[in-house]
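Visitor:
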Amino acid sequence: MGYFKLFSILAFVAFAHAHMEMSFPPPFRSKYNPNVNSGSVDYSMTSPLSASGSNFPCKLYQSDLGTPAGASVVTWTQGSSVNFTIVGGATHGGGSCQAALSYDSAKSWTVIHSFIGSCPLSSGQNFDLTIPSDAPTGKAVFAWTWYNEVGNREIYQNCASITIAAGSGTKRASTVAFSSRPDMFVANMGNGCTTVESEDVVYPNPGPDVTGSSTKGGTGFTGTCAAVNGIGGGSSSSSSGGSAGSSPAASSPAPPASSPAANSPAPVATQASSVSSASVPSLTIIPVTSSASATPSSFITSTTSSVPSASAPAAPPSPIASPAASSSTGTGSAPASSGSSTSGITPTTDGQCSGTQTCAGSTYGQCCSQWGWCGVTSMHCGTGCMEAFSGAGACGTFSNATTTAAARVRAVKARGLLLA
Numbered sequence: 055m056g057y058f059k060l061f062s063i064l065a066f067v068a069f070a071h072a073h074m075e076m077s078f079p080p081p082f083r084s085k086y087n088p089n090v091n092s093g094s095v096d097y098s099m100t101s102p103l104s105a106s107g108s109n110f111p112c113k114l115y116q117s118d119l120g121t122p123a124g125a126s127v128v129t130w131t132q133g134s135s136v137n138f139t140i141v142g143g144a145t146h147g148g149g150s151c152q153a154a155l156s157y158d159s160a161k162s163w164t165v166i167h168s169f170i171g172s173c174p175l176s177s178g179q180n181f182d183l184t185i186p187s188d189a190p191t192g193k194a195v196f197a198w199t200w201y202n203e204v205g206n207r208e209i210y211q212n213c214a215s216i217t218i219a220a221g222s223g224t225k226r227a228s229t230v231a232f233s234s235r236p237d238m239f240v241a242n243m244g245n246g247c248t249t250v251e252s253e254d255v256v257y258p259n260p261g262p263d264v265t266g267s268s269t270k271g272g273t274g275f276t277g278t279c280a281a282v283n284g285i286g287g288g289s290s291s292s293s294s295g296g297s298a299g300s301s302p303a304a305s306s307p308a309p310p311a312s313s314p315a316a317n318s319p320a321p322v323a324t325q326a327s328s329v330s331s332a333s334v335p336s337l338t339i340i341p342v343t344s345s346a347s348a349t350p351s352s353f354i355t356s357t358t359s360s361v362p363s364a365s366a367p368a369a370p371p372s373p374i375a376s377p378a379a380s381s382s383t384g385t386g387s388a389p390a391s392s393g394s395s396t397s398g399i400t401p402t403t404d405g406q407c408s409g410t411q412t413c414a415g416s417t418y419g420q421c422c423s424q425w426g427w428c429g430v431t432s433m434h435c436g437t438g439c440m441e442a443f444s445g446a447g448a449c450g451t452f453s454n455a456t457t458t459a460a461a462r463v464r465a466v467k468a469r470g471l472l473l474a
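Residues 55 to 474, numbered by our numbering, are exactly what the sequence shown covers, in order.
#1: Measuring CA to CA, which of 181, 165, 212 and 133 is closest to residue 14?
#2: Under three-state DSSP, which class holds residue 116?
#3: Distance, Cα to Cα, residue 195 vs residue 154?
#4: Would residue 226 and residue 166 be called neighbours here (beta carbons separated by less than 8 Å)?
#5: Span of the beta strand (DSSP E) holding residue 182?
#6: Does the beta-carbon of residue 143 have 16 or more other beta-carbons within 10 angstroms, so that it is buried, or is it exposed?
#7: Going along the chain, which residues of its own chain have a beta-carbon closer than 6 Å to the beta-carbon of residue 255, five neighbours each way excluded?
#8: Determine the direct distance from the alpha carbon of residue 93 to that of residue 476, and round the result to whole angstroms.
#9: From residue 176 to residue 139, what distance separates their C-alpha atoms?
#10: Hey, out of 238, 264, 206 and 263, whose CA is closest to residue 112's CA?
#11: Which first and last residues belong to the beta strand (DSSP E) in which residue 76 is found?
#12: Contact defined as beta carbons within less than 8 Å: I believe residue 240 pairs with residue 168. What is the distance between those atoms, to the nearest angstrom?
#13: Any idea what DSSP makes of residue 125, helix, strand or coil?
#14: Just list the residues that DSSP pairs residue 279 with in beta bridges.
#15: Measuring only the C-alpha atoms, how far is residue 190 from residue 220?
#16: Which residue's Cα is closest to the Cα of residue 159: 141, 214 and 257?
#17: By Cβ distance, which residues of its chain are closer than 8 Å to residue 211, with the 5 residues on each side in sequence left out?
#18: Apart from the five residues just before and just after residue 174, which ones in its own chain have a Cβ nearer than 7 Å to its Cβ?
#19: Under three-state DSSP, which class holds residue 232?
#20: Which word fits residue 182, buried or exposed, when buried means at least 16 other C-beta atoms lie within 10 angstroms of its C-beta?
#21: If residue 123 and residue 91 are in contact, beta carbons under 8 Å, what's the gap, nearest whole angstrom?
#22: Taking residue 135 as the reference, which of 186, 243, 217 and 277 has the closest Cα?
#23: Quick check on this structure: which residue in 137, 242 and 106 has the alpha carbon closest to the alpha carbon of residue 77?
#24: Between residue 252 and residue 208, is the Cβ-Cβ spacing less than 8 Å?
#25: Report the partner residues of residue 152 according to the DSSP bridge assignment.
#26: How about residue 272 and residue 246: do their beta carbons lie closer than 8 Å?
#27: Restricting to Cα atoms, I'd like to know which of 259, 279, 172 and 244 is closest to residue 106.
#28: Does the distance from the C-beta atom of residue 127 to that of residue 87 stay below 8 Å?
#29: Specify the secondary structure class of residue 134 as computed by DSSP and reduced to three states.
#30: Does the Cβ-Cβ distance between residue 171 and residue 268 come in under 8 Å?
#31: Helix, strand or coil: how does DSSP classify residue 215 here?
#32: Below 7 Å CB to CB, which residues in the same chain sit around residue 79 once its five sequence neighbours on both sides are set aside?
#33: Taking all protein chains shown into account, decide if residue 97 is buried (16 or more other Cβ within 10 angstroms of its Cβ) or exposed.
#34: Per the DSSP calculation, residue 191 is bridged to which residue(s)?
#35: Alpha carbon to alpha carbon, how far is residue 257 from residue 232?
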C-alpha cells in the first residue's frame with residue numbers, strides 16, 4: 055500500500071510538471087506570483103484549458119483583478135523591449151504561441167507578437183518582443199497562448215496582471231496602429247477550429263510582429279478558424295476540438311484604439327487599481343428590432359449571465375452592430391439592407407465580423423453568424439442567414455479576405471449603401 059501511495063504521489067507530481075507554464079511575468083494564481091494567496095495557488099498551471107472553453111480565458115483567474123491577488127506584477131513601457139519566460143518539463147515538440155494584451159479585464163484581446171514554431175523548445179526559454187509604441191497606457195492583462203505541436207490537440211494559456219507606462223522621449227511609430235492589430239487566434243475548444251498534430255500553427259493573421267516560420271508544411275489548423283475575442287462559459291455540453299456544433303460566446307468589443315500623447319509623463323509603477331467588479335463578466339447580445347423599420351440593430355452589454363447557445367434562437371438573429379472601440383457597453387445601428395450588390399466590399403482575413411470587420415457580401419454590421427463570424431457550418435448559418443450575405447443572400451459561401459471596416463464603410467457610403 056505504501057508503494058502504491060508513493061507511486062501515486064510521484065505520478066501526480068510528474069503530471070503537474072508534464073507541460074509548460076509562464077513564470078514571468080508571473081500569472082494569476084501562479085506559485086511564481088508574489089501576490090497570490092497561499093490557499094489559491096494553482097499547482098496545475100501547466101494543464102491545458104478545458105476543451106469546452108468553460109475556463110477561457112486565463113482559467114477565469116482574471117477574477118482576481120481588483121483584489122490584492124490581482125495586483126500588477128510588472129510595468130512595461132511603450133516601445134520597450136521586454137520578454138516573457140516559459141518553464142516546464144515537456145515542450146511537446148514546441149509549437150506556436152501568441153502574446154496579447156487586454157484592457158477590459160480579459161474580455162477582448164489584441165495580439166502584439168506571434169511566434170510560429172519553436173515555442174517553446176526548452177524550459178527557461180525567453181521570448182523577446184516589443185511593446186507597441188502606441189499601446190494604451192494603464193492596467194492591462196498579458197496573455198501567453200500556446201498550441202503544442204506534438205500530443206493532444208489542446209490550448210494552453212497563462213495570464214498576468216501588468217501595467218503599460220508611457221514611453222519617454224521620441225517614440226518610434228508603430229508600423230500598424232494598435233487598434234488595427236489582430237484579435238487572438240483560438241482553437242481546440244469546440245469552436246469549429248482544430249490544430250493539426252506535428253504541424254506548427256501558421257496564424258492566418260499574425261499581426262505585424264512575427265518571429266519564426268514553419269518548416270512542417272501546411273497551416274497547422276483545420277476548420278473555420280476565426281480570431282476570437284471572448285469565448286467564456288462554453289456550451290451546455292462539452293465537445294472536442296473541431297466540432298462545428300458548439301457555440302462560443304459573443305464576440306466582445308475591440309480594445310481601446312486611442313493612444314497617449316508622446317510626451318505624456320510615465321506613471322509611477324503601482325499595484326493594480328480596483329476594477330468595478332471581481333466577478334467574471336460575459337457578453338450577452340440583446341437583439342432589438344424596430345417595427346417601424348426593416349433595419350435590425352443590437353447592442354452589447356456586459357453581464358454576469360451565462361452565454362446563450364447557438365441553437366437557442368428560433369428566428370434569424372439581428373446582426374451585431376459595432377460598439378465603440380473603448381466602451382464595454384454601447385449601442386449601434388446596422389445599415390438598412392437594400393438588396394443592392396455589395397461586391398465592392400472586401401471581407402476580413404480571419405472571418406470575424408465585429409468591431410472593425412465585416413463579412414463578404416454584407417454591408418457593415420451584417421453578419422451570417424449571430425456570434426459575429428463568417429463561415430459555412432451550422433454554427434455560423436444555423437440560426438439564420440443575413441439578407442445581404444454572399445450577394446444573393448445564400449448562406450453557404452465561405453468568406454475570407456482582407457481590409458478594415460473603416461475603408462469598407464467609406465466604400466459602402468460611396469456606393470450609396472450605408473447611411474452617413
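The beta-carbon is built from N, C-alpha and C at its ideal position, and this holds for glycine as well. None of the values given here were measured: they were computed from a predicted structure.
Guide: Reading off the structure:
#1: The requested residue 14 does not occur in the structure, where the chain is confined to residues 55 to 474.
#2: Translated into the one-based positions of the sequence shown, residue 116 becomes position 62. Correct three-state label for residue 116: helix.
#3: For the purposes of this step, residue 195 is taken as the residue at position 141 of the sequence shown. For the purposes of this step, residue 154 is taken as the residue at position 100 of the sequence shown. Residue 195 and residue 154: Cα-Cα distance of roughly 8 Å.
#4: Counting from one through the sequence shown, the residue named residue 226 turns up at place 172. Counting from one through the sequence shown, the residue named residue 166 turns up at place 112. Their beta carbons are not under 8 Å apart, which means residue 226 does not touch residue 166 by this criterion.
#5: Here the question's residue 182 lines up with position 128 in the sequence shown. Here the beta strand (DSSP E) through residue 182 covers 179 to 184.
#6: Residue 143 sits at position 89 when you count from the first residue of the sequence shown. Exposed is the call here.
#7: By 1-based counting over the sequence shown, the position of residue 255 is 201. The beta carbon of residue 255 is closer than 6 Å to those of 150, 201, 249, 274 and 275 in its chain, skipping five residues each way along the sequence.
#8: Nothing about residue 476 can be reported from this structure: the residues present for the chain run from 55 to 474 only.
#9: If you number the sequence shown from 1, residue 176 lands on position 122. If you number the sequence shown from 1, residue 139 lands on position 85. In a straight line, the C-alpha of residue 176 is about 10 Å away from that of residue 139.
#10: Position 58 of the sequence shown holds residue 112. When each option's Cα is compared against that of residue 112, the closest is 238.
#11: In the sequence shown, the residue the question calls residue 76 occupies position 22. Run containing residue 76: 74 to 78, per the beta strand (DSSP E) assignment.
#12: As a position in the sequence shown, residue 240 is number 186, starting the count at 1. As a position in the sequence shown, residue 168 is number 114, starting the count at 1. The beta-carbon distance between residue 240 and residue 168, rounded to whole angstroms, is 13 Å. This is too long to meet the 8 Å contact definition.
#13: Reading the sequence shown from its first residue, position 71 is the one you call residue 125. The answer is coil: DSSP assigns residue 125 none of H, G, I, E or B.
#14: Translated into positions along the sequence shown, residue 279 becomes position 225. DSSP, once it has assigned bridges, lists no residue as partnering residue 279.
#15: Within the sequence shown, numbered from 1, the residue matching residue 190 stands at position 136. Within the sequence shown, numbered from 1, the residue matching residue 220 stands at position 166. For residue 190 and residue 220, the distance between alpha carbons rounds to 8 Å.
#16: Here residue 159 corresponds to residue number 105 of the sequence shown, with the count starting at 1. It is 214 whose Cα lies nearest to the Cα of residue 159.
#17: Against the sequence shown, residue 211 aligns to sequence position 157. Listed in chain order, the non-local C-beta contacts of residue 211 below 8 Å within the same chain comprise 103, 110, 111, 112, 113, 197, 198, 199 and 200, local neighbours out to five positions each way being set aside.
#18: Stepping through the sequence shown from its first residue, residue 174 is reached at position 120. Hits under 7 Å: 74, 140, 145 and 148.
#19: Position 178 of the sequence shown, counted from the start, is the residue given in the question as residue 232. DSSP places residue 232 in helix when its eight states are reduced to three.
#20: Taking the sequence shown and counting its residues from 1, one reaches residue 182 at position 128. Its Cβ having fewer than 16 others within 10 Å, residue 182 is exposed.
#21: What you label residue 123 is simply residue 69 of the sequence shown in a count that begins at 1. What you label residue 91 is simply residue 37 of the sequence shown in a count that begins at 1. About 5 Å separates the two Cβ atoms, so the contact holds.
#22: Here the question's residue 135 lines up with position 81 in the sequence shown. Here the closest residue by C-alpha is 186.
#23: Your numbering for residue 77 matches position 23 in the sequence shown. If we check each option's Cα against that of residue 77, 137 comes out closest.
#24: Position 198 of the sequence shown, counting from 1, holds the residue named residue 252. Position 154 of the sequence shown, counting from 1, holds the residue named residue 208. The answer is no: Cβ separation not under 8 Å.
#25: If you number the sequence shown from 1, residue 152 lands on position 98. Bridge partners of residue 152 according to DSSP: 168 and 199.
#26: In the sequence shown, residue 272 corresponds to position 218, counting from 1. In the sequence shown, residue 246 corresponds to position 192, counting from 1. No. Outside cutoff.
#27: Numbered from its first residue, the sequence shown carries residue 106 at position 52. Residue 244 is the option with its Cα nearest to residue 106.
#28: Counting from one through the sequence shown, the residue named residue 127 turns up at place 73. Counting from one through the sequence shown, the residue named residue 87 turns up at place 33. Their beta carbons are under 8 Å apart, which means residue 127 touches residue 87 by this criterion.
#29: Here residue 134 corresponds to residue number 80 of the sequence shown, with the count starting at 1. Coil, per DSSP.
#30: On the sequence shown, position 117 is the one that residue 171 refers to. On the sequence shown, position 214 is the one that residue 268 refers to. Yes. Within cutoff.
#31: Translated into positions along the sequence shown, residue 215 becomes position 161. Of the three classes helix, strand and coil, the one that applies to residue 215 here is strand, per DSSP.
#32: Numbered from 1 along the sequence shown, position 25 holds the residue referred to as residue 79. Contacts found: 127, 128, 138, 196, 214 and 216.
#33: Within the sequence shown, the letter at position 43 stands for residue 97. A residue is called buried when at least 16 other Cβ atoms come within 10 angstroms of its Cβ; residue 97 does not meet this threshold and is exposed.
#34: Counting from 1 along the sequence shown, the entry for residue 191 is found at position 137. Partner(s): none; residue 191 has no beta bridge.
#35: By one-based count along the sequence shown, residue 257 stands at place 203. By one-based count along the sequence shown, residue 232 stands at place 178. Their Cα atoms are separated by approximately 18 Å.
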